[in-house]
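Chains as they are written, first to last, in this note's numbering: chain D, 106 to 339; chain H, 106 to 339. All remarks here apply to the structure that follows.
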DNA sequence: TATATTACTTTCATCGATAAAAATTGTATA
DNA sequence: TATACAATTTTTATCGATGAAAGTAATATA
């Protein structure tokens, strides 16, 4: 990842200097999603203050925010820990994701305009390019690819007419992403992946909702199953 | 006000003394949902410290958490404000709510067991009782009724097999609730309300998914329309 | 008069220290 | 040996004060 804050993006040449609390928030979230901070890990304040080179207050604010997102669990008067990861959650995550994205995708296909189509085409373009570079570098956890992957999936549903629903989908994507990183499945069907996305793109642009939904669903369930089979995370 | 925390309820004879930050969190959220803190209001720290009789740090933690939920908007280096309320958001909220609860309800009707049925029956019982007391007292914003109302709707979808989806629905309910409070529509079709819920219950228990979904959808859209017509919150 | 610059005030973000709670250790008792 | 209790240490939560940024008013310059 090593990318700039997804959540606090903003900063459009406009002023608004990022605060320390937000910086720690981003770094903590990154390290959790990326698996560097293992599920269930006790987050001792003293250690974190040292590790992230910050103070008590900004750290606490960051943790508070993360606890509201479910990235971190707070236990009153006994601090924070990284939220646990279980196979059941991954299954539930996948199930829910299929439901929500089906709606969002169908709505988008019904209402999407040409700008929406363009967003998809562009997103696919970037994804494909990142995929080629990833293959070349044999670096199978390219943060660029991850970014573009998420962008592509968001583009598909970006005409659903509900930013709330999109936010939910984005949250589910983030949480699923974490499981992919936890199961250290390095080389998971790279060969097919780009093709899958291509087919998905085509179906969507053809406004073939049923096919698109089917492809999307398969995309998620297959990925999920691979992770489950890998047998990591208890 | 002066009510006990909804979210941090817990405290099951188990120890775990609630922290000050959580207390402020609850009270702030309550006052926002309830409309006592108007949308868009600038939340000046000094004022809040006084109003909620607390310190800098707990207050900030509370606000940080609320900002992650979307109750409060944070602007880097210029503090917090109550998140704004617009008609478009209410419409989006309602639309999204219909989508998500339809899924959750259909799933529940398909998979629900007898315990699920019992939860619904009980929830309806409490709702009806609260409705009668509300009518008697001519107190049309009874917090008890609100609680039971939410409980009832949650019970309906409580067999959907996805706590994630249920959490989403609960969040949508909370945010919709806020709009109901903002539009000071005191007496909105009280007479029909209980009946509506009764029909809904019957359809669900009969496992008649299509009817149930239709009733639910109407329930939400009609309520929403009344609020929109009231023309509050620009 | 309008704009730019500066000094001043208010408000927010962060630090360091302290209070409060939990966890750990040690000791005495059955 | 196991358990209860007290004393000690560690860790978390909160306070009060300071540093940093944004906002406001005043003055100067075109």
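Where a beta carbon is used, it is the ideal one built from N, C-alpha and C, also for glycine. A quick note: this is a predicted structure, and the numbers were derived from the prediction, not measured.
Item	Value
By the three-class DSSP mapping on this structure, what secondary structure does residue 148 of chain H have?	strand
At what residues does the beta strand (DSSP E) containing residue 179 of chain H begin and finish?	177-179
Does any CB atom of chain D fall closer than 8 angstroms to the CB of residue 90 of chain H?	Because chain H in this structure spans residues 106 to 339, residue 90 of chain H falls outside the shown range and cannot be described.
Taking the DSSP output, what are the residues bridged to residue 185 of chain D?	D:148, D:179
Do we get a CB-CB distance below 8 angstroms when we pair residue 283 of chain H with the residues of chain D?	no
I'd like to know whether the C-beta of residue 267 of chain H is nearer than 8 angstroms to at least one C-beta of chain D.	yes
Report the neighbours of residue 201 of chain D on chain H: residues whose CB is nearer than 7 angstroms to its CB, in chain order.	267, 269, 270
Quick check: the Cα distance between residue 155 of chain H and residue 180 of chain D, rounded to an integer number of angstroms?	27 angstroms
If I'm right that residue 91 of chain H touches residue 214 of chain H with Cβ under 8 angstroms, what's the distance once you round it to whole angstroms?	This structure cannot speak to residue 91 of chain H, because chain H is shown only from 106 to 339.
Is there contact between the stretch 179-196 of chain D and the stretch 320-327 of chain D, where contact requires at least three CB pairs shorter than 8 angstroms?	no
On the CB-based measure, 16 or more other CB atoms within 10 Å of its CB, does residue 253 of chain D come out buried or exposed?	buried
Taking beta-carbon pairs under 9 angstroms, can you tell me which members of the stretch 167-186 of chain D lie near chain H?	167, 168, 169, 170, 171, 172, 173, 174, 175, 179, 180, 181, 182, 183
Give the residues of chain H in contact with residue 162 of chain D, contact being defined as C-beta atoms less than 8 angstroms apart.	162, 165
Nearest by alpha-carbon distance to residue 302 of chain D: which of D:285, D:333, D:234, D:165 is it?	D:234
To the nearest angstrom, report how far apart residue 130 of chain H and residue 247 of chain H are at their CA atoms.	22 angstroms
So which of D:216, D:266, D:304 has the shortest CA-CA distance to residue 85 of chain D?	Since the first residue shown for chain D is 106 and the last is 339, residue 85 of chain D is missing from the structure and cannot be characterised.
For residue 159 of chain H, name the three-state secondary structure that DSSP assigns.	coil
Buried or exposed, going by whether 16 or more other CB atoms sit within 10 Å of the CB of residue 199 of chain H?	buried
Can you list, in chain order, the residues of the stretch 121-132 of chain D whose Cβ is nearer than 7 angstroms to any Cβ on chain H?	121, 122, 123, 124, 127
Give the C-beta separation of residue 138 of chain D and residue 202 of chain D to the nearest angstrom, bearing in mind that I take them to be a contact with Cβ-Cβ under 8 angstroms.	Between residue 202 of chain D and residue 138 of chain D the Cβ distance is about 16 angstroms, and since that is not below 8 angstroms, they are no contact.
Using a Cβ-Cβ distance cut-off of 8 angstroms, determine whether residue 197 of chain H contacts chain D.	yes
Between which two residues does the alpha helix (DSSP H) carrying residue 127 of chain D extend?	125-138
Going along chain H in order, which residues have a C-beta closer than 7 angstroms to the C-beta of residue 273 of chain D?	273
May I ask you to list, following chain order, the residues of the stretch 203-232 of chain D that have a beta carbon less than 7 angstroms from some beta carbon of chain H?	204, 208
Under 6 angstroms Cβ to Cβ from residue 264 of chain D, same chain only, skipping five residues before and after it: list those, please.	213, 216, 217, 221
Roughly how many whole angstroms lie between the Cα atoms of residue 211 of chain D and residue 308 of chain D?	12 angstroms
Please classify residue 141 of chain H as buried or exposed, where buried requires at least 16 neighbouring CB atoms within 10 angstroms.	exposed
List the endpoints of the continuous alpha helix (DSSP H) containing residue 290 of chain D.	Segment: none, residue 290 of chain D is in no alpha helix (DSSP H) and carries neither H nor E.
I need the DSSP call for residue 264 of chain D, collapsed to helix, strand or coil.	coil
Using the beta-carbon count (16 or more within 10 Å), is residue 166 of chain H buried or exposed?	buried
Can you give the beta carbon distance from residue 332 of chain D to residue 284 of chain D, rounded, assuming they're within the 8 angstroms contact cut?	6 angstroms
Run the CB neighbour count on residue 237 of chain H, radius 10 Å, all protein chains shown included, and call it buried at 16 or more, exposed below.	exposed
Which of helix, strand or coil does DSSP assign to residue 254 of chain H?	helix
Report all residues from its chain with a CB closer than 6 angstroms to the CB of residue 228 of chain H; omit the five preceding and five following residues, and keep chain order.	256, 257, 260
Nearest to residue 176 of chain D by CA position, among D:226, D:224, D:190, is which residue?	D:190
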